[in-house]
Amino acid sequence: MKIKNYDYYLIILTTLILSAIGAVSLYGITYYNYLAVDPVWTKTLQYSQYIDEMDSYLYPFLVLLLISLGMCIPKRLFEQDILAKSSALILGITLIISFFSGIEKGLGFILSVMTIVQAIVLILTVKKSKSVRFEKEGYLARIGSSLLHLGLVIIILDFVSLRDSPIHLLIFWSGVVLITVGNVFSFYPEKIALLLPNV
Amino acid sequence: MGYTEYLAAREYLGMVGQPVITYIFIISLFQGLFSILYLIKRDRRYYDYLIKCLYISTGLYFIGFFILVWFHIQIYNTVLIEYPVQLRQMIPVANSRIAAPLWIESEKLYFWAMCASAFALMVKKSKDVMSFMGVILSIFSLVVYFFSNPFKDPLPILNSEITRWHAVLLLSDMSIFQMAGTLYGRVTFYYNSTYMWTHPPMLFIAYASLIITFAACVYMLFKKDRVYDEIAYRYAKIGYILLTTGMLIGYPWAVEAWKDSAWWWDPKISGSIMMWVLYSAYLHSRIYVSKGKMWQTTAYLGIICFASLIFTYLLTYIVPGIHSVVQP
Numbered sequence: 092m093k094i095k096n097y098d099y100y101l102i103i104l105t106t107l108i109l110s111a112i113g114a115v116s117l118y119g120i121t122y123y124n125y126l127a128v129d130p131v132w133t134k135t136l137q138y139s140q141y142i143d144e145m146d147s148y149l150y151p152f153l154v155l156l157l158i159s160l161g162m163c164i165p166k167r168l169f170e171q172d173i174l175a176k177s178s179a180l181i182l183g184i185t186l187i188i189s190f191f192s193g194i195e196k197g198l199g200f201i202l203s204v205m206t207i208v209q210a211i212v213l214i215l216t217v218k219k220s221k222s223v224r225f226e227k228e229g230y231l232a233r234i235g236s237s238l239l240h241l242g243l244v245i246i247i248l249d250f251v252s253l254r255d256s257p258i259h260l261l262i263f264w265s266g267v268v269l270i271t272v273g274n275v276f277s278f279y280p281e282k283i284a285l286l287l288p289n290v
Numbered sequence: 006m007g008y009t010e011y012l013a014a015r016e017y018l019g020m021v022g023q024p025v026i027t028y029i030f031i032i033s034l035f036q037g038l039f040s041i042l043y044l045i046k047r048d049r050r051y052y053d054y055l056i057k058c059l060y061i062s063t064g065l066y067f068i069g070f071f072i073l074v075w076f077h078i079q080i081y082n083t084v085l086i087e088y089p090v091q092l093r094q095m096i097p098v099a100n101s102r103i104a105a106p107l108w109i110e111s112e113k114l115y116f117w118a119m120c121a122s123a124f125a126l127m128v129k130k131s132k133d134v135m136s137f138m139g140v141i142l143s144i145f146s147l148v149v150y151f152f153s154n155p156f157k158d159p160l161p162i163l164n165s166e167i168t169r170w171h172a173v174l175l176l177s178d179m180s181i182f183q184m185a186g187t188l189y190g191r192v193t194f195y196y197n198s199t200y201m202w203t204h205p206p207m208l209f210i211a212y213a214s215l216i217i218t219f220a221a222c223v224y225m226l227f228k229k230d231r232v233y234d235e236i237a238y239r240y241a242k243i244g245y246i247l248l249t250t251g252m253l254i255g256y257p258w259a260v261e262a263w264k265d266s267a268w269w270w271d272p273k274i275s276g277s278i279m280m281w282v283l284y285s286a287y288l289h290s291r292i293y294v295s296k297g298k299m300w301q302t303t304a305y306l307g308i309i310c311f312a313s314l315i316f317t318y319l320l321t322y323i324v325p326g327i328h329s330v331v332q333p
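Taken in order, these protein sequences are the chains called A and B. Per the working numbering, residue 92 is the first one in the first sequence, and the count goes up by one each step. Per the working numbering, residue 6 is the first one in the second sequence, and the count goes up by one each step.
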């Protein structure tokens, strides 16, 4: 498949997965409203069941989103067939871990892998490596895109696997900074270039 | 300075602010009329009148906002909550003043409308989008006037809390402990919270910017012209940055203020996630806006995103939850 078409279908896939997460959220609102007929339901076991149920609907789409992101980002590093095989391998390992230890552990695995991959992409982007390929033009926009995706993966990892960790909020704020700076760099590279003329 | 001065300031706010919002209402009616006339007749004069109306209504919105700022300063200066001695052993402060943010209760829709008016002035070069914005803002001002007028019965919830506090002070019985405890929580984690001063205004400014994205997307479909995508994208960028960071800032606040309360997957949070992923989908889809009919998909997504934004805002009033005013 041509690289341009490949990128296009990946974007379509990402758009569909994001829309599906939107649909899950809409279902959550409806279901919550239905359960709230009982005014004290959030103080009963029903509430934790509701949370588990919603998480179980969300997590498969998160895995898909990460796979899509995973295929989107390292395509800047690897050939398509290597990428497809490694994505299939990661998905396979995620499914095995999910089967034996639960989807939260599986998601934790894929998130850890993606955090490493995104960090490598960011380092290579900063070093202006020729092996990294982007849809976006311009050095600052590419740094922005890398920061944004790294921040996003870190925040999801923090929510899924580090909720009870003492550094949970510290990691969260790091993710917020990465996402915000990434967004600004990604959307306004020309204005940032004026502020940082030596970059 | 005390309760009597607070009541006087509240009455004065109504007296000064009500004419301002009435003028906004009247000017907005003309603004809507000129917008429609321009859209139908394409006469330049109507457009000039529309721009003048928009400048006046935006100016009036800001005047009203400064009056609200004055009222909030009066609240801070006149209302002092001195906690009972026994309670002071459990909390780190002896007394509190209320630094009420300017986007609570009926003021939030006013703040949003004011920001939307200011943003609209930035698109006046695009006459089509501007005139459509004129209609939207006109409807917005009507909604503010009839359903969320901050000058008619100002801040009813905060007012009832202040009134009850002064009532229990006169009683001098044990109910003062319960009331002081409740007020301490409200002041610390809500009114005076840093998050309250950052999380909601970022979202309202984002919403204001995203109205223009919506208007441009509608026009893109209506005129079948991709030229409107540039306008839609320009304001989606501002909106998305503020929406993302504003939403994220809400998380540590929820952890701090709600602790073990049932807030995860609350309808407002689900709605916000839905809105954010849809806007992310919109921004992804527009990377290929020039490919085939992708511009149409992008425009439809922009409209769906805005519908989800309105829905998320209304969730506070229609579905029960920790963010809501509705009881099951």
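Don't be surprised by glycine CBs; every beta carbon is placed ideally from N, CA and C. This one's a predicted model, so the numbers in the text were calculated from it and none came from an experiment.
For A/Ile258, the three-state secondary structure derived from DSSP is coil. Three or more pairs of CB atoms, one per stretch, sit closer than 8 Å, so the stretch 205–221 of chain B contacts the stretch 244–263 of chain B. Counting C-beta atoms within 10 angstroms of its own C-beta, A/Ile270 has 16 or more neighbours from the protein chains shown and is therefore classed as buried.
Between the alpha carbons of B/Trp117 and A/Gly193 lies a distance of about 44 Å. The stretch 92–100 of chain B makes no contact with the stretch 15–29 of chain B: fewer than 3 CB pairs, one atom from each, lie closer than 8 Å. Look at B/Lys129: its C-beta is not under 8 Å from any C-beta on chain A.
Residues of the stretch 263–281 of chain A that bring their beta carbon within less than 7 Å of a beta carbon in chain B comprise Phe263, Val267, Ile270, Thr271, Asn274, Val275 and Phe278, in sequence order.
The C-beta of A/Ala127 comes closer than 8 Å to at least one C-beta of chain B.
Residues of chain B whose Cβ lies closer than 8 Å to the Cβ of A/Ser116 are, in chain order, Ser275, Gly276, Ile278, Met279 and Val282. Residues of chain A with a Cβ closer than 9 Å to the Cβ of B/Leu320 are, in chain order, Ile120. For B/Met299, the closest alpha carbon among the candidates B/Arg231, B/Tyr115 and B/Lys130 is that of B/Arg231. Residue-level contact by beta carbon fails for A/Asn289 and chain B, as no gap is shorter than 8 Å. Cβ-Cβ distances below 6 Å link B/Val149 to Leu114, Tyr115 and Ala118 in the same chain, with the five nearest sequence neighbours on each side left out; the list follows chain order.
Under the three-pair Cβ rule at 8 Å, the stretch 165–175 of chain B does not count as touching the stretch 217–234 of chain B.
Around the C-beta of A/Tyr125, fewer than 16 other C-beta atoms lie within 10 Å, and the residue is accordingly described as exposed. In the structure shown, B/Glu166 adopts helical secondary structure according to DSSP, grouped into three states. Under the three-state reduction of DSSP output, A/Glu281 falls in the helix class. Using a CB distance cut-off of 8 Å, B/Tyr81 does not count as an interface residue toward chain A.
Counting other Cβ atoms within 10 Å of its Cβ, B/Ile315 stays below 16 and is therefore classed as exposed. For B/Leu85, DSSP records a beta bridge to B/Arg102. Contact annotation for B/Ser285 against chain A: Leu109 [CB-CB distance below 8 Å, chain order].
Residue contact with chain B for A/Leu260: present (Cβ-Cβ distance below 8 Å to some residue of chain B). Tyr141, Ile142 and Met145: these are the residues of the stretch 141–155 of chain A whose beta carbon lies less than 7 Å from some beta carbon of chain B, given in chain order.
Within the stretch 239–253 of chain B, Lys242, Tyr245, Ile246, Thr249, Thr250 and Leu253 place their CB atoms closer than 8 Å to a CB of chain A, listed in sequence order. Cβ proximity to chain B below 9 Å picks out nothing from the stretch 186–209 of chain A. Of the candidates A/Leu109, A/Ile142 and A/Gly113, A/Ile142 places its Cα closest to the Cα of B/Ala267. Below 8 Å, too few C-beta pairs join the stretch 178–193 of chain B and the stretch 266–286 of chain B to call them touching: fewer than three. By the CB criterion at 8 Å, B/Glu110 and B/Ile162 fall inside the cutoff. Against A/Thr216, chain B offers no close residue; the least beta-carbon distance is about 18 Å (beta-carbon pairs closer than 8 Å). Take B/Lys228, set aside five residues on each side of it, and the residues of its chain with a beta-carbon closer than 8 Å to its own are Asp133, in chain order. Secondary structure of B/Asn197 (DSSP, three-state): coil.
Looking at the backbone, the Cα of B/Ala237 and that of B/Ser313 are separated by about 17 Å. DSSP places B/Tyr305 in the uninterrupted alpha helix (DSSP H) bounded by Met299 to Ile323. Along the stretch 94–108 of chain B, there is no position whose C-beta sits under 8 Å from a C-beta of chain A.
Proximity of chain A to B/Tyr256 at the Cβ level (cut-off 8 Å) is accounted for by Phe263, in chain order. Under the 8 Å criterion on CB atoms, A/Ile234 is classed as non-interfacial with respect to chain B.
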